[in-house]
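In what follows, a single structure is set out as structure tokens and then discussed.
There are 2 protein chains.
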Amino acid sequence: MAANTGAEPSNAPATRGRPRASSKAMLEEAASELFLENGYARTTIEQITQRAGVSRNTFFNYFSAKSDLLWIELDASLTALTDALVATPPETPPLDAVERALLVTARGFSAQRAPLVLTQYEVMGIDGELKAAGLARALAHADAIELFLSTRLAGPDAALTARAVALAVVGAAAAAVGRWAADGPDREPLEAYLARVVHPVVAGYGSDAPTPARRDPAIG
Amino acid sequence: MAANTGAEPSNAPATRGRPRASSKAMLEEAASELFLENGYARTTIEQITQRAGVSRNTFFNYFSAKSDLLWIELDASLTALTDALVATPPETPPLDAVERALLVTARGFSAQRAPLVLTQYEVMGIDGELKAAGLARALAHADAIELFLSTRLAGPDAALTARAVALAVVGAAAAAVGRWAADGPDREPLEAYLARVVHPVVAGYGSDAPTPARRDPAIG
DNA sequence: GGGAATAATTAGATCAAGTCCAACAATTAG
DNA sequence: CTAATTGTTGGACTTGATCTAATTATTCCC
Chain A
311 MAANTGAEPS
321 NAPATRGRPR
331 ASSKAMLEEA
341 ASELFLENGY
351 ARTTIEQITQ
361 RAGVSRNTFF
371 NYFSAKSDLL
381 WIELDASLTA
391 LTDALVATPP
401 ETPPLDAVER
411 ALLVTARGFS
421 AQRAPLVLTQ
431 YEVMGIDGEL
441 KAAGLARALA
451 HADAIELFLS
461 TRLAGPDAAL
471 TARAVALAVV
481 GAAAAAVGRW
491 AADGPDREPL
501 EAYLARVVHP
511 VVAGYGSDAP
521 TPARRDPAIG
Chain B
311 MAANTGAEPS
321 NAPATRGRPR
331 ASSKAMLEEA
341 ASELFLENGY
351 ARTTIEQITQ
361 RAGVSRNTFF
371 NYFSAKSDLL
381 WIELDASLTA
391 LTDALVATPP
401 ETPPLDAVER
411 ALLVTARGFS
421 AQRAPLVLTQ
431 YEVMGIDGEL
441 KAAGLARALA
451 HADAIELFLS
461 TRLAGPDAAL
471 TARAVALAVV
481 GAAAAAVGRW
491 AADGPDREPL
501 EAYLARVVHP
511 VVAGYGSDAP
521 TPARRDPAIG
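Here the protein sequences line up with chains A and B, keeping their order. So in the numbering used here, spot 35 of the first sequence is number 345, and the numbers just go up one at a time. So in the numbering used here, spot 74 of the second sequence is number 384, and the numbers just go up one at a time.
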């Protein structure tokens, strides 16, 4: 990602070629301003790059789509989640591991720094496209959880269960994050919100019984 | 939706104006063919409308976006789900009602007629955009469930719980549908898949205890 | 039968997202 | 200094999506 823009001491294979002139952060900042001023839909990539002082094409050197700009915080969350999952001791029950990893990840969102999109989405004029882009990010989280679970669950329905748990847990977490963001600065830490809604899902699938017995509900 | 295209006896306020010439179904059929022939991304709206024998602009009389074409079956599923929810007798525990409504809705997908996107998505070249459009549909299902639950749940965290349950249940359901579609024509009915993964979620949130007591898991 | 009112369709212009390619600029390795 | 490497830029192009005005087909009413 960052080729020349510092952060690496010096012993990495010295990079050749022209160094990056405009950082991702500059584009992000310009975009945030414009989104808040005019809303997301009425902000063009051209306006963003103009304010950032680069050419329009440069934008696509850093982002693959305009919607990428909104969910950067979630990208960080994804790597944090992945790290937390791989750091799990092998003897931890898989579902408990997922729950804990989510709560650990939640600590990365301090009470003050909620993702911009979530707190300001009214003024930014969020709509279907934006929600969908956010959901795609959520799906990436689910993929990480599913991958982790599929290596630790057993039984005939392991694959289905892994995916179901992953999507269900991420759904519940999304609800918690949304509520937390909406509650404004005077709120409990995100971790508390998450714990409340994520645990029932994990408990329902039975953290100690990977493949729970199916109980037919009365229908019709 | 259908203004002049039959189906209404005659006592509805007689429709005036030019009758619709090209039906949605014609566009859908043309699009399905082209998607299977060339893939989704390499099929343009112009090609679709040409094959359907209408002008390009007419497309947007029937659909708001190209991606609408892929998830039509899910739109039908949404109305079915909404109907099933409102048809619930008031004394049914809310979470049980959601579970039943989902299973009832699943019957609409016979073993033979799986949504086209799900069965053919390799050849159609599904990608991020497509997933996002599908997720937006899933979100609509969650909204319907949330709306239902928010009128029936009580307690301080009712709103959060309603949304969490809705998103979690829809997530689990999505996993089931995906697996069911992938399993090909020789498979159990979708209802069975759904029951297996949806019930644990409902049970976890406690179908008879709308606001379950929070149990703190050991962390760190 | 002959208009108004109504609604679908169409053509055409326009905008913005995203892709592609070739030229140019800045840097490092030798 | 030269060559290789890499970021940046300009420009053309495709396509999805919006908008407006004009055209066409139909029903209602006289």
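Think of the CB as a built atom: it goes at the ideal place given N, C-alpha and C, for glycine as much as any other residue.
- For residue 481/A, the residues of chain B that pass the 7 Å Cβ criterion are 477, 478, 480, 481, in the order they occur in the chain.
- At least one CB of chain A lies nearer than 7 Å to the CB of residue 473/B.
- Flagged as an interface residue toward chain A: residue 514/B, by a C-beta distance shorter than 7 Å.
- Only those residues of the segment 342-373 of chain B whose C-beta falls short of 9 Å from the nearest C-beta of chain A would be listed, and there are none.
- Residue 466/B and residue 431/A have their alpha carbons spaced roughly 25 Å apart.
- Chain A has no Cβ within less than 7 Å of the Cβ of residue 408/B.
- By the C-beta density criterion, residue 331/A is exposed, having fewer than 16 other C-beta atoms within 10 angstroms.
- Interface criterion not met: the Cβ of residue 329/B is under 7 Å from no Cβ in chain A.
- Non-local C-beta neighbours of residue 392/B in its own chain, meaning closer than 6 Å and more than five positions away in sequence, comprise 454, ordered along the chain.
- Around the beta carbon of residue 457/B, a 10 Å sphere encloses fewer than 16 other beta carbons of the protein chains shown; the residue is thus reported as exposed.
- Proximity of chain A to residue 484/B at the Cβ level (cut-off 8 Å) is accounted for by 477, in chain order.
- When rounded, the separation of the alpha-carbon atoms in residue 377/A and residue 387/A is 17 Å.
- The alpha-carbon of residue 462/A is positioned some 31 Å away from that of residue 489/A.
- For the options 513/B, 498/B, 512/B, the alpha carbon positioned closest to that of residue 419/B is the one of 498/B.
- Taking C-beta separations shorter than 6 Å and ignoring five residues to either side along the sequence, the partners of residue 472/A in its chain run 456, 459, 460, 463, following chain order.
- Among the residues of chain A, those whose CB is under 7 Å from the CB of residue 511/B are 478, 511, 514, following chain order.
- In this structure, residue 342/B places its C-beta atom within 7 Å of the C-beta atom of residue 426/B.
- Against chain A, a Cβ distance below 8 Å from residue 488/B picks out 473.
- Look at the beta carbons and you see the segment 352-366 of chain B not touching the segment 396-411 of chain B: under three pairs across the two are nearer than 8 Å.
- At a cut-off of 7 Å, the C-beta of residue 459/B has no neighbouring C-beta in chain A.
- Collapsing the DSSP output to three states places residue 331/A in coil.
- Residues 366, 369, 376 of the same chain have their beta carbon placed closer than 7 Å to that of residue 355/B, with the five preceding and five following residues left out of the count.
- Taking 7 Å as the CB threshold, residue 468/A stays off the interface with chain B.
- Taking the beta carbon of residue 388/A as reference, no residue of chain B falls within 8 Å; the closest one sits roughly 15 Å away.
- Just measuring C-alpha positions, the residue of 492/A, 412/A, 434/A, 470/A sitting nearest residue 349/A is 434/A.
- DSSP places residue 360/B in the uninterrupted alpha helix (DSSP H) bounded by 355-362.
- Taking each of 495/B, 504/B, 351/B, 410/B in turn and checking the Cα distance to residue 441/B, the smallest one comes out for 351/B.
- In this model, residue 486/A and residue 507/A are separated by some 7 Å (Cα to Cα).
- For the options 407/B, 394/B, 428/B, the alpha carbon positioned closest to that of residue 415/B is the one of 394/B.
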